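The block underneath contains the structure these notes are about, expressed in structure tokens.
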């Protein structure tokens, strides 16, 4: 790496250390063979203020660990928890944590918003010593309205980005997920998409720079890290290559008025025919219009965002999808920023709700995903709706592609689900109470098995931000995750991009310091 970058990193560490107590130099080389727990903590306190460190013996440990857990099934005594939680407020705190972790054999997991569907950002599937770097105190959003860019910390949540952008100017927005409490770090790392995916693609497509702490404790920007690592962090999944501290993104223009509609259709109202039609119409609509479906029980909700007025939307719908029966009474005109809470929360949602860092979902959950390239026959949709009323049934959320997201080459970023893709499916299961966990889990797996003939093949694709450990987990041999075990799940998330990701991993973290059950393994040959 460039000498100037190394000097800048050293200076940043020094300045930070002076605000704590004394300076600790970043080290490289393989982790120590066994963790020195007290040594790790002692090392940390030389640079990181003790108020930012939480050992299991700390009275506040439990509340800090559980603060952003979104899936209640991991709030269990059986969950393997970290020995320590570090809540940095400066990049140099992260650098020191990596350096101390490498020196004393303490592996790290990284949490930004806590939405990891399998909880791998704050727990381990097997008993092992590790610490969690919780980025929730690093959530600044700095807007440059003239350049239409923003620097966003990984600990910020999506709602905080949307709010900050709109406060700066109503003419700009940002295309990312629907749920406001999702953390930036994990979302951008996996691609990230929402209601403007057809107009502007994924969130990662708009990342133009980043600051990353690598496995040697260096703080690197795009120029210093090089284009390979910059490519890998924009869709290659979180916590495999380093810890992304912040992201610079390009903001996008939004109109003064957008229109939202939400139309419910039951099976008795022709939902089967409408969904069968939707899968061919929605991906070919003008990119200003996104119509997704939430199917649950005997109901299909057609939910749309149109970047324009009702006056323009109604004739478009009459021409392209008249069967839905959309008319002026379905229109809800508003500003773009008002549409952001409206879509998940309805008419009661307010712009201020975007700053609420507490999730309103308090349930157990299991999630799976699919991609569809060829239209599913109507007769199969009939069967799908029978699956949606079975005991323990969940929700199918379907997002149409086409437009910008599908116009970008599959290998432009690690996110490969692009050209020729009709739509994405997310299977969502919620249930309440630990004793009822078996039935919903079984429904999602049975539903997934039923869908196999109708979705992508070789590989059967999945979205990494809808993490699913049923797809496979890494096997560790000689203290390094094996490429062959990772390929089983990795090709489903990344298709042909997986090999390039594994080669980059081998360059930047050959000892596999940053790892979890589904982190990118190094391809060491």
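In mature numbering (1 follows the signal peptide of the UniProt record, and there is no 0), the protein residues as written are -28 to -1, 1 to 497.
Cβ coordinates follow ideal geometry from the N, Cα and C atoms, glycine included.
No experiment lies behind these values; they were computed from the predicted model shown.
Run through DSSP, which three-state label would residue i get?
i           : result
residue 275 : strand
residue 68  : helix
residue 202 : helix
residue 465 : helix
residue 24  : helix
residue 497 : coil
residue 183 : strand
residue 41  : coil
residue 423 : helix
residue 211 : coil
residue -16 : Note on residue -16: pLDDT 37, under 50, position unreliable in the model; the coordinate value appears next. It is helical.
residue 488 : coil
residue 115 : strand
residue -22 : Legend: pLDDT at residue -22 = 42, less than 50; position of this residue unreliable, no value from coordinates given.
residue 13  : helix
residue 348 : coil
residue 393 : coil
residue 444 : coil
residue 245 : helix
residue 89  : coil
residue 299 : coil
residue 160 : helix
residue 483 : coil
residue 476 : helix
residue 225 : strand
residue 50  : coil
residue 194 : helix
What is the C-beta distance between residue i and residue j, in whole angstroms, given that I count them as a contact (C-beta under 8 Å)?
i           : j           : result
residue 438 : residue 344 : Contact doesn't hold; Cβ gap of about 14 Å is too wide.
residue 334 : residue 129 : Rounded, the Cβ-Cβ distance is 17 Å, inconsistent with contact.
residue 301 : residue 220 : With 8 Å as the limit, residue 301 and residue 220 do not qualify as a contact, their Cβ atoms being about 43 Å apart.
residue 491 : residue 457 : So it is not a contact: roughly 11 Å between Cβ atoms.
residue 59  : residue 118 : Between residue 118 and residue 59 the Cβ distance is about 33 Å, and since that is not below 8 Å, they are no contact.
residue 107 : residue 82  : 7 Å
Using the C-alpha atoms, what's the distance from residue j back to residue i?
i           : j           : result
residue 15  : residue 57  : 14 Å
residue 294 : residue 244 : 15 Å
residue 78  : residue 105 : 12 Å
residue 196 : residue 203 : 13 Å
residue 95  : residue 355 : 37 Å
residue 370 : residue 30  : 43 Å
residue 26  : residue 383 : 41 Å
residue 404 : residue 331 : 16 Å
residue 259 : residue 249 : 18 Å
residue 264 : residue 198 : 37 Å
residue 497 : residue 123 : 37 Å
residue 499 : residue 366 : Because the chain in this structure spans residues -28 to 497, residue 499 falls outside the shown range and cannot be described.
residue 194 : residue 238 : 50 Å
residue 482 : residue 467 : 22 Å
residue 173 : residue 229 : 21 Å
residue 103 : residue 41  : 16 Å
residue 223 : residue 493 : 33 Å
residue 134 : residue 450 : 45 Å
residue 447 : residue 99  : 14 Å
residue 97  : residue 52  : 7 Å
residue 4   : residue 433 : Only weak support exists for where residue 4 lies, its pLDDT of 39 falling under 50; the value from the coordinates is given anyway. One C-alpha to the other measures close to 37 Å.
residue 10  : residue 86  : 27 Å
residue 444 : residue 48  : 23 Å
residue 362 : residue 271 : 14 Å
residue 292 : residue 176 : 30 Å
Please tell me whether residue i and residue j are closer than 8 Å, where the distance is taken between their beta carbons.
i           : j           : result
residue 341 : residue 399 : yes
residue 269 : residue 227 : no
residue 137 : residue 160 : no
residue 93  : residue 158 : yes
residue 251 : residue 394 : yes
residue 262 : residue 168 : yes
residue 401 : residue 464 : no
residue 327 : residue 312 : no
residue 126 : residue 155 : yes
residue 459 : residue 170 : no
residue 509 : residue 71  : This structure does not reach residue 509, given that the chain is present from -28 up to 497, and the question cannot be answered.
residue 76  : residue 24  : no
residue 469 : residue 435 : no
residue 206 : residue 385 : yes
residue 289 : residue 232 : no
residue 368 : residue 267 : yes
residue 308 : residue 145 : yes
The stretch 173 to 192 contacting the stretch 216 to 232, beta-carbon criterion three pairs below 8 Å: At 8 Å Cβ cutoff, the stretches touch.
Segment contact, 8 Å Cβ cut-off, at least three pairs: the stretch 134 to 149 with the stretch 413 to 432: With a cut-off of 8 Å, the stretch 413 to 432 and the stretch 134 to 149 do not count as touching, because too few Cβ pairs lie within range.
Contact the stretch 309 to 320 vs the stretch 383 to 403: 3+ CB pairs below 8 Å: As far as the Cβ criterion goes, the stretch 309 to 320 does not touch the stretch 383 to 403, which means the pair count is below three.
Any 3 or more C-beta pairs closer than 8 Å across the stretch 197 to 216 and the stretch 484 to 496: Under the 8 Å Cβ criterion, the stretch 197 to 216 counts as touching the stretch 484 to 496, having at least three qualifying pairs.
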